[in-house]
Amino acid sequence: MAPSIIGSPAAENTVPIKTDSEPPRSSLKDRYPAYLPIWDYGEKYPALEPFNHVDHGKDADPSLKDLLSEGSEIQELKPTIGSEVTGIQLSKLSSAGKDQLALLVSRRKVVAFRDQDLASLPINQALDFGGYFGRHHIHPTSGSPEGHPEIHLVHRHNNDWGLDQFLAGKNSSVSWHSDVTYEQQPPGTTFLYILEGPEVGGDTVFVDQVEAYNRLSPATKARLHELKAVNSGFEQAEFSLGRGGVVRREPVKNEHPLVRTHPVTGEKALFWQVIRSIVGLKKEESDALLGFLLAHVGRGIDYQARIRWAPNTVIVWDNRGTAHSAIVDWVTGERRHLARITPQTERPYETPYIAEAEQAKV
Ligand SMILES: [Fe+2]
């Protein structure tokens, strides 16, 4: 089977839990009760329609003056990926500031904003803010706050997802992926904010897929440029049904290029998660290539950024130029509860491979 995150409890997919260990809901001390996940078994949505996405990063003033206003501080976490910002309030940004946010995130790949009020706003206001960056994606299987299916929840408490059981069959909870790549228009600028988390542990790690591409040899780059991969949502739907969960929208498969070009930066990035196979290759060939790519980004610690959550942190990443993984390393039973706003973006496209020698002449 091709390398995959499907079925991993580390995947950020909150499904109902079949276990006796789940405490009754009334016993939980809910800091954010409006954000507790529900599953409406009658909720069904039609297939997603294509839409025209306009990336606001293209309109942005590159000085970022409306985003990084007076009193703010920005610190780069790693040379190619990751920044941390303090001293601004995302929810108060002007349109110009939001445009610059999209640009900053496309350049730095992932940015952590501290001391934000997004979690304490009415959910409608949080969604209004996120909706500036693209059409809201409604996840086909994840639990969501009542009345707000556009919010994707990550919610784990006590031992409700069987870490012991999972680690009995695997060495690590790390599972690299980009979100919902099976959609025809997967997400771009994506927001994840913490409601509650363990004192220590539960970081999220990101890998720079542009740098992962840049590290490849010209011969490998040229080969990957010719390939498309089948991104499938079927296994996720089956996993949800197997856990007593919902499938709000019929699963889809979409073929996307293994190397996509970013519409704002022009950078090329590997784009290969939630993949079943590579078009035109035989199974062994496809599995070997996907295995290589998985190992390649997994050992790319020199272009990864691991972000520690703190209360009121919002992490914004560009799903087009990164892969990420939750890290499930706390055994204290503390709840980890996060909300994701997931604006969709353009259909992935590729531009032709340009050999380095040719590129130098441009
Ligand atoms: Fe994810």
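Each step along the sequence shown adds one to the number in the UniProt record's numbering, with nothing skipped, and position 332 is 332. Ideal placement from N, C-alpha and C gives every residue a C-beta, glycine not left out.
Would you say residue i and residue j are within 8 Å of each other, going by their C-beta atoms?
i: Gly-57; j: Pro-343; result: no
i: Val-111; j: Phe-191; result: no
i: Arg-249; j: Pro-140; result: yes
i: residue 366; j: Val-205; result: Outside the shown range of the chain (1 to 362) lies residue 366, about which nothing can therefore be said.
i: Gly-87; j: Glu-76; result: no
i: Val-180; j: Glu-43; result: no
i: Glu-211; j: Tyr-132; result: no
i: Trp-309; j: Ile-194; result: yes
i: His-256; j: Tyr-35; result: no
i: Ser-91; j: Phe-51; result: no
i: Ala-269; j: Arg-320; result: yes
i: Lys-109; j: Asp-318; result: yes
i: Asp-66; j: Gly-188; result: no
i: Ala-96; j: Asp-61; result: yes
i: Arg-276; j: Ser-232; result: yes
i: Leu-93; j: Leu-104; result: no
i: His-53; j: Glu-356; result: no
i: Leu-207; j: Val-297; result: Contrary to the premise, residue 207 reads as Val rather than Leu in this sequence. Yes, the Cβ-Cβ distance between Val-207 and Val-297 is below 8 Å.
i: Phe-271; j: Gln-209; result: yes
i: His-136; j: Leu-127; result: yes
i: Val-154; j: Trp-330; result: no
i: Arg-243; j: Pro-348; result: no
i: Ser-325; j: Trp-176; result: yes
i: Leu-258; j: Leu-294; result: no
i: residue 365; j: Ser-144; result: Nothing can be reported for residue 365: it is not among the residues displayed for the chain, which extend from 1 to 362.
i: Val-335; j: His-157; result: For the sequence presented, residue 335 should be read as Arg rather than Val. In this structure, His-157 lies closer than 8 Å to Arg-335 by Cβ.
i: Arg-114; j: Asn-312; result: yes
i: Phe-234; j: Lys-221; result: no
i: Arg-316; j: Ser-106; result: Residue identity differs from the one stated: residue 316 is Val in this sequence, not Arg. No.
i: Leu-289; j: Ile-278; result: yes
Is residue i near ligand 1, in the sense that its beta carbon is under 7 Å from a heavy atom of that ligand?
i: Asp-318; result: no
i: His-324; result: yes
i: Arg-179; result: What sits at residue 179 in the sequence shown is Asp, not Arg. Yes - ligand 1 has a heavy atom lying nearer than 7 Å to the Cβ of Asp-179.
Let me know the secondary structure DSSP gives residue i once reduced to three states.
i: Phe-133; result: helix
i: residue 372; result: Beyond the ends of the chain as shown, which are 1 and 362, falls residue 372; an answer cannot be given.
i: Ile-123; result: helix
i: Glu-196; result: strand
i: Ala-355; result: coil
i: Phe-165; result: Correcting the residue identity first, residue 165 is Gln in this sequence and not Phe. Of the three classes helix, strand and coil, the one that applies to Gln-165 here is helix, per DSSP.
i: Ser-325; result: strand
i: Asp-128; result: helix
i: His-34; result: It should be noted that the sequence gives Ala, not His, for residue 34. Three-state result, Ala-34: helix.
i: Val-247; result: coil
i: Val-111; result: strand
i: Gln-344; result: strand
i: Tyr-349; result: coil
i: Ser-240; result: helix
i: Asp-99; result: helix
i: Leu-153; result: strand
i: Ser-144; result: strand
i: Val-331; result: coil
i: Leu-93; result: coil
i: Val-314; result: strand
i: Val-230; result: strand
Quick one: does the C-beta of residue i sit closer than 7 Å to a heavy atom of ligand 2?
i: Val-85; result: Of the ligands this structure carries, namely ligand 1, none is ligand 2.
* Asked: Which ranges does the alpha helix (DSSP H) cover as unbroken runs of at least 4 residues, wholly within the stretch 202-227, from first to last along the chain?
  -> 209-214, 218-224
* Length at least 3, wholly inside the stretch 250-303: the beta strand (DSSP E) runs in chain order -> 253-257, 259-261, 268-270, 275-278
* Please specify which runs of the beta strand (DSSP E), each continuous and at least 3 residues long, are wholly inside the stretch 36-89, giving them in chain order. => 73-76, 83-86
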